[in-house]
Every structure is written in structure tokens, then in C-alpha cells.
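Have a look at the structure below before the remarks.
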Amino acid sequence: MAMDYFLSEEEQMMIETARTIAQEKMKPVREHYDEKEEFPWEIVKEFAQADLCGVYIPEEYGGFGKGIMGLVLVVEELCKVDGAIALSLAATALGTLPILIAGNEEQKKKYLPDIASGKKLAAFGLTEAEAGSDATGMRTTAVKDGDYYILNGTKCFITNGGDAETYTIFAKTNPSRGARGISCFIVEKGTPGFEFGKKEKKMGIKASSTRELIFNNCKIHKDQLLGKEGHGLMIAQATLDNSRPGVAAQALGIAAGALEEAVNYARKRVQFGQAIASFQGIQHMLADMATEVEAARCLLYTVARSIDKGTGGRTSKESAMAKLFCSEVAMKVTTNAVQIFGGYGYCREYPVEKMMRDAKITTLYEGTSQIQKNEIALNLIKESAKAK
Amino acid sequence: MNIIVCIKQVPNTTNVQIDHETGRLKREGVESIINPFDEYAIEEGVRLKERTGGKCIVVTMGPPQAESALREAISRGVDEAVLVSDRAFGGADTLATSYALSSAIKQLGDYSVILCGKQATDGDTAQVGPGIAEMLNIPHIAYVKKIEDINDKSMKVERMMEDGYDLIESPAPCLLTVVKEINNPRVPSLKGKMAAKKAVIKTFNAPSINADEKRIGLNGSPTQVMKIFTPPQRTGGEKFSGDAQQQAAALVKKMSDIGII
Numbered sequence: 001m002a003m004d005y006f007l008s009e010e011e012q013m014m015i016e017t018a019r020t021i022a023q024e025k026m027k028p029v030r031e032h033y034d035e036k037e038e039f040p041w042e043i044v045k046e047f048a049q050a051d052l053c054g055v056y057i058p059e060e061y062g063g064f065g066k067g068i069m070g071l072v073l074v075v076e077e078l079c080k081v082d083g084a085i086a087l088s089l090a091a092t093a094l095g096t097l098p099i100l101i102a103g104n105e106e107q108k109k110k111y112l113p114d115i116a117s118g119k120k121l122a123a124f125g126l127t128e129a130e131a132g133s134d135a136t137g138m139r140t141t142a143v144k145d146g147d148y149y150i151l152n153g154t155k156c157f158i159t160n161g162g163d164a165e166t167y168t169i170f171a172k173t174n175p176s177r178g179a180r181g182i183s184c185f186i187v188e189k190g191t192p193g194f195e196f197g198k199k200e201k202k203m204g205i206k207a208s209s210t211r212e213l214i215f216n217n218c219k220i221h222k223d224q225l226l227g228k229e230g231h232g233l234m235i236a237q238a239t240l241d242n243s244r245p246g247v248a249a250q251a252l253g254i255a256a257g258a259l260e261e262a263v264n265y266a267r268k269r270v271q272f273g274q275a276i277a278s279f280q281g282i283q284h285m286l287a288d289m290a291t292e293v294e295a296a297r298c299l300l301y302t303v304a305r306s307i308d309k310g311t312g313g314r315t316s317k318e319s320a321m322a323k324l325f326c327s328e329v330a331m332k333v334t335t336n337a338v339q340i341f342g343g344y345g346y347c348r349e350y351p352v353e354k355m356m357r358d359a360k361i362t363t364l365y366e367g368t369s370q371i372q373k374n375e376i377a378l379n380l381i382k383e384s385a386k387a388k
Numbered sequence: 389m390n391i392i393v394c395i396k397q398v399p400n401t402t403n404v405q406i407d408h409e410t411g412r413l414k415r416e417g418v419e420s421i422i423n424p425f426d427e428y429a430i431e432e433g434v435r436l437k438e439r440t441g442g443k444c445i446v447v448t449m450g451p452p453q454a455e456s457a458l459r460e461a462i463s464r465g466v467d468e469a470v471l472v473s474d475r476a477f478g479g480a481d482t483l484a485t486s487y488a489l490s491s492a493i494k495q496l497g498d499y500s501v502i503l504c505g506k507q508a509t510d511g512d513t514a515q516v517g518p519g520i521a522e523m524l525n526i527p528h529i530a531y532v533k534k535i536e537d538i539n540d541k542s543m544k545v546e547r548m549m550e551d552g553y554d555l556i557e558s559p560a561p562c563l564l565t566v567v568k569e570i571n572n573p574r575v576p577s578l579k580g581k582m583a584a585k586k587a588v589i590k591t592f593n594a595p596s597i598n599a600d601e602k603r604i605g606l607n608g609s610p611t612q613v614m615k616i617f618t619p620p621q622r623t624g625g626e627k628f629s630g631d632a633q634q635q636a637a638a639l640v641k642k643m644s645d646i647g648i649i
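In order, the protein sequences belong to chains A and B.
Residues 1 to 388 in the working numbering are what the first sequence spells out, letter by letter.
Residues 389 to 649 in the working numbering are what the second sequence spells out, letter by letter.
Below, the structure is given as C-alpha cells:
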């Protein structure tokens, strides 16, 4: 039997839709996109047509209104087949969350429907060369000039960079105020002074584009400011609380996909006159992998449901736990899947080689595993101090 | 421009088993699906609607459980669904089925085109589509692989042939049976699935389509099935290799050896 996660009919509908697309549309082309490092537009069109792009966006803005849990279920299911193609959708969610969290009604009405319908993709621009885990080290500035802000600076490692239409960009509006001097803006592709720099060549997630964003006296109307001046870092933190489960779902999906491949292979591969699945050494590896995947799923679904219920306040600690655990499990499980495949697992002809490469990023972006531990520990200490 | 799509619910043939005693398909426990060729007809109907406006209506004849095929068609973007269902229709062959479906279509108002899959995967007759057109006294074009141009007066389509295609113009309304080359069907959307759940399916019985009881069900079916069997598998044949000249020489020698020439 499969675990019962008490999914609603609509949640099962989302999984089923994502599974059909993953199996019928993504599987036949996943090697092509990995090899060619092209952006998977033909699959993005499928996501759009099936209404998957807006599962987490409220219905009043054209979405399916199924919250972070909806996003998690869809991303997991897609990533069982390919964790890179699915990132076009997951990274759009990351870029969209600041609008959902801090946008006013006009901004939401202007930007969310096109994202929900899949007509436009989004991207999140926080990271810079000198500002990774420490966002306050950013050098991009936004200087007020009448009704406008003038943006200058360079963002790096931006997922969907160049392919997205809508960008949520963080810049210093008051450098002297440190963490409280950062603001968040919506910047549209094509705005004069907004250009794209080099595309990164990566170990994995090759179907996903990662580019620099370059702002050179880029003039943005003040209506594009999200929330208030100086609230940028708070918006970024609230965004990550909501988006880290998305990375966790990507990791979980890759792990679950690799586990399935490993079990199937172990049952078919014959050595010493019997299927290698009959050897206890292999069985114990598979048992550990399956247990870890299920434990990761339990944690992630519970965190996603808590976020959607919204009664427990901030979920920084729990979101970090889900991301930490799922991404580390993904790395372990994909590495062991390659091990079970033996030499074949190291060859591109079999899917687990790519899964292992794709899994690695989940322990790095939106905060490394070490940063997740900082977040968890910091909140543990805070909670303990509050209780006294 | 209104579009009508006729579909059939068939057993999922990838796991069908035959009862060797009776020679019939074992239908118990076999999943029912939309006839795969009809999925292309549905997709084309929805694309035409998106292109030209109007309504896309899907029609099927079958037992009450055929409703699930209609709901799936709605999840793929169809606007309305009609189930033609009555015990009196039971046992219909292709003639009686064409009669019943054409009688139902007469109740649906104006339309510019009727789309069908080229054939169903269970009976493989490819007769019902053309049969409906005959009974409605409208033209039909089978094996359509592309609709080049269409409006409520006429249409221009490509009919797939073994050695290319025919470009055919027809006045509207016209019935088209489509091949799988015509499109790549979409995955049912979430909003489509929600609409399918809520949709009210219109049901026609024999009296509501003014059906002549002598022309429906077993009474209207002259077909007699004598025997159902799996034909023997073809043997592999012989392949000649080499350049064209060598192959031709080998072929001529072979044919004269076995006395064909």
C-alpha cells in the first residue's frame, strides 16, 4: 500500500495532471534538454495549458488556489521525471511569491493572472557575486528620483534569468541602514537599462537557465515598489519561508524518481545467476532509500500544510528543516541509486546519472544546508528564550 | 461556428483478454477509455473552437457508464456533452449506431463540421463516421490529417494517402474522420477537470431523438457476427540487401524461383 496523506480530490487531480505531463511529455525529451542546455519552452506550454503554472496562486487572480501544498505536490511529481525542466515552474513561484506576499491589489491584478496562466514566467533577483547567504552585502542600489527609482548593479545566478518576463529585484534604497535599507521592486523584461549577462554552465539542472541580470541606470516607476521602502529583506525572508518547501519538493521528487529507477533496475539486473535485488546488500540500500524518501515526504507535506493553514505564525524553522532534510536525502538517495546501477549508473544512457547531478543544487540554492541549520538553530534558541 | 465531435468508449486494448470458449472480449474489470483516435477528433474540435469561436459539443452512444468518456472530453476543453443511451439501442451494429447518432445530431441545431476518429480500436470498422454523414445527407472526408482552412460555408482539408495527401475542398457542413497525424492532444487541464466534475450531461433516449424502433438496436442491425478469432501472425518475409541493382536482381531471381514470373 501507499501511505495515505489525506490528499483531497483536487490535490490528487493536480498530481495526476503533473504525472501525465511528466510521463507523456517530459520523459521523451529530458535527455535532449540536458544535453543541449536549452530552455524547455515546449514543456512550459504544456504546464500552462494544463493550468499547472498557477496552482499556488489564488483563484481571484486566475490560479487554482491550492497554496504551497499544491506547489509542492506538482513540483514533486514533475521532478520524479526531471528536476531541471520542472524548475521553470518552481523558480517562477519563487519570483512570484514577493508579489503574493507584499504586492498591493493593483500589482497583484497586473502581474498574477499572466503568471497563473503560464503566459509569463517570473524570476527572483536577490543574489550577487558578493552577497550570497549574506544578502546585506548586496551592492545593487535603487536611488529615488522623483516618481522613479534608478537601479544600478548586477545580480548573479538568477534562475529563469533571461527567459522570465517578470522579475522581483532586491536593491539598497538606503545603504546606511543595512538590513533595513533594502527594498524590493518588480522589474519587467525589456525595461531600458535592464540587460542579461552571461549564462552559467552548470553541473546539473542544465535545462534551466541561470544568468546575470545587469542594471545600468534602469529607471523604474515607484508603483513597482513592493511593500514599503526598507522592507525588502523581510519580504525576501518571508518569500524563502514559503519557497524552501518548493526546493524540498524538487529534491523529494528527484529522490523518489531515483528510488523507483533503482528498484526497477535491481529487479532486472542479473549477476551470479540471480537478480541483484535478491542480495541483502542491495535490499538494505533500497530499504534505507525508501525509508528516507517517505520520512522526507512526511516532513515536507506537514510543513506545507502548516504554511497554508497559516495559524502557526512564521515557519522559517520548519521550512528550513524540510529543505535541509529533503535535499540531503536527495543527495544520498541519488548517490546510492548510481551505486546500485554500478558502472551503468555512471553513464548518461541511464537516468540516475542526471538525477545525481540535478539533486546537488537542492543542497545549495535558497540557502545551503549549513544556512538552513543556522536558521533552525537560531529559531530554536529564540523559541527557548521566549518560553522562559 | 459549432463543432460536433462523435466519440466511443472502448476497452483499454493494452490489457484486453479474450475468453477462448466464447471468443468474446473479457470486459469485466477492463478499464474503459476514450477510443484513442477520437482523442485527436476532440483535440481538433477544441482547437477549431479556439480558432473560430462557437461551441464544441461531444456526442457518444453507449450505456450510462459512457458518461465518464464524455466528462473526460469536457476536461479536454469541450463545452457540452450528449449521451445517447437507451436499452433499445443495445446490440447495435455500425448501421444502427450511425442511424441513432445521426438522429441525435439532428436535435443539436446548426453545426459546420462533425469530427470523428478514423476508426475505433475495438471494432476497427471505420464505418460509423461515414455512415452518420450519409444519414444526415452531408459530404464526408475520411483520414483527414490537416484542416487548412475552415469557415461556416466551406473547408479545405488534407486527406492522408499512402503516397502523400489529397487537398480537398468541401461545402459545410461536412463530416471529417481524422488520423493521429492531425495534432498532438493536450493533457486535460485542472480547470477542465473541475468543469468536467460539475458538468450536466444531456441524455437522449430513443423517443427523444424520434428514433424509428425498427432501425435501432438489434432490430436495426443486419450484421451477423459468425466468428471472432485472432488471425495467424504474418511470418517475417525475406529482406534483400545491397545497392538497388543487387536488390532488384535478387528480387527478380526470387520471383522467378517461386514461379511468380
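C-beta atoms are modelled at their ideal positions from N, C-alpha and C, and glycine is treated no differently.
In this text the structure is predicted, and so the values were computed from the model without any measurement.
- DSSP places residue 148(A) within a strand segment (E or B) once states are collapsed to three.
- Residue 262(A) is not a Cβ neighbour of residue 40(A), given a cutoff of 8 Å.
- Interface with chain A (8 Å Cβ-Cβ cutoff): residue 439(B) is excluded.
- Within the same chain, and ignoring the five residues on either side of residue 130(A) in sequence, the residues whose Cβ sits closer than 6 Å to its Cβ are 137.
- For residue 528(B), the enclosing beta strand (DSSP E) starts and ends at 528-538.
- Taking all protein chains in view, the Cβ of residue 133(A) is surrounded by fewer than 16 other Cβ atoms within 10 Å, so the residue is classified as exposed.
- Contact annotation: the stretch 176-196 of chain A does not touch the stretch 244-259 of chain A, with fewer than three C-beta pairs closer than 8 Å.
- The beta carbon of residue 338(A) sits closer than 6 Å to the beta carbons of 345, 352, 356 from its chain, once the five residues preceding and following it are set aside; these are given in chain order.
- Closer than 8 Å to the CB of residue 82(A) there is not a single CB belonging to chain B.
- Membership of residue 614(B) in any beta strand (DSSP E) is not indicated, and neither H nor E is assigned to it by DSSP.
- Residue 272(A) and residue 621(B) have their C-alpha atoms spaced approximately 37 Å apart.
- Considering only beta carbons, the part of the stretch 577-599 of chain B lying closer than 7 Å to chain A consists of 577, 578, 579, 581, in chain order.
- For residue 192(A), the CB contacts under 8 Å within the same chain, skipping 5 residues up- and downstream, are 218, 219 in chain order.
- Under the rule that a run must span 4 or more residues, the alpha helix (DSSP H) segments found entirely inside the stretch 33-105 of chain A read 41-49, 67-79, 87-102.
- Nearest in C-alpha terms to residue 307(A), of all of 245(A), 370(A), 44(A), is 245(A).
- CA-CA distance, residue 568(B) to residue 542(B), rounds to 23 Å.
- The Cβ atoms of residue 97(A) and residue 316(A) lie no closer than 8 Å to each other.
- DSSP, read as helix, strand or coil, puts residue 649(B) in coil.
- In the DSSP assignment, the residues bridged to residue 274(A) are 271(A).
- For residue 428(B), there is no enclosing beta strand (DSSP E); the residue is found in the alpha helix (DSSP H) stretching over 424-440.
- A check of alpha carbon separations from residue 348(A) across 166(A), 15(A), 34(A), 45(A) identifies 34(A) as the nearest.
- The beta-carbon separation of residue 29(A) and residue 118(A), rounded to 18 Å, does not stay under the 8 Å limit for a contact.
- When secondary structure is reduced to three states using DSSP, residue 216(A) falls in the strand class.
- At least one beta carbon of chain B lies nearer than 8 Å to the beta carbon of residue 49(A).
- Between residue 609(B) and the set 646(B), 560(B), 477(B), 418(B), the nearest pair of CA atoms involves 477(B).
- Between the alpha carbons of residue 158(A) and residue 32(A) lies a gap of roughly 23 Å.
- DSSP lists 210(A) as the bridge partner or partners of residue 159(A).
- Inter-residue distance for residue 580(B) and residue 105(A) is about 27 Å (C-alpha atoms, whole angstroms).
- When the beta-carbon positions are compared, residue 236(A) and residue 112(A) stay at least 8 Å from each other.
- Residue 355(A) carries a helical assignment under DSSP once its states are collapsed to helix, strand and coil.
- Listed in chain order, the positions of the stretch 23-50 of chain A with a beta carbon within less than 8 Å of a beta carbon of chain B are 24, 25, 46, 49, 50.
- By the rule that beta-carbons nearer than 8 Å mark a contact, residue 57(A) does not touch chain B.
- Contact between residue 485(B) and residue 449(B) holds, since their C-beta atoms are separated by about 6 Å, short of 8 Å.
- Residue 344(A) sits in a helix when the DSSP states are folded into three classes.
- Three or more beta-carbon pairs drawn from the stretch 511-529 of chain B and the stretch 558-574 of chain B are found closer than 8 Å, and the two stretches are therefore classed as touching.
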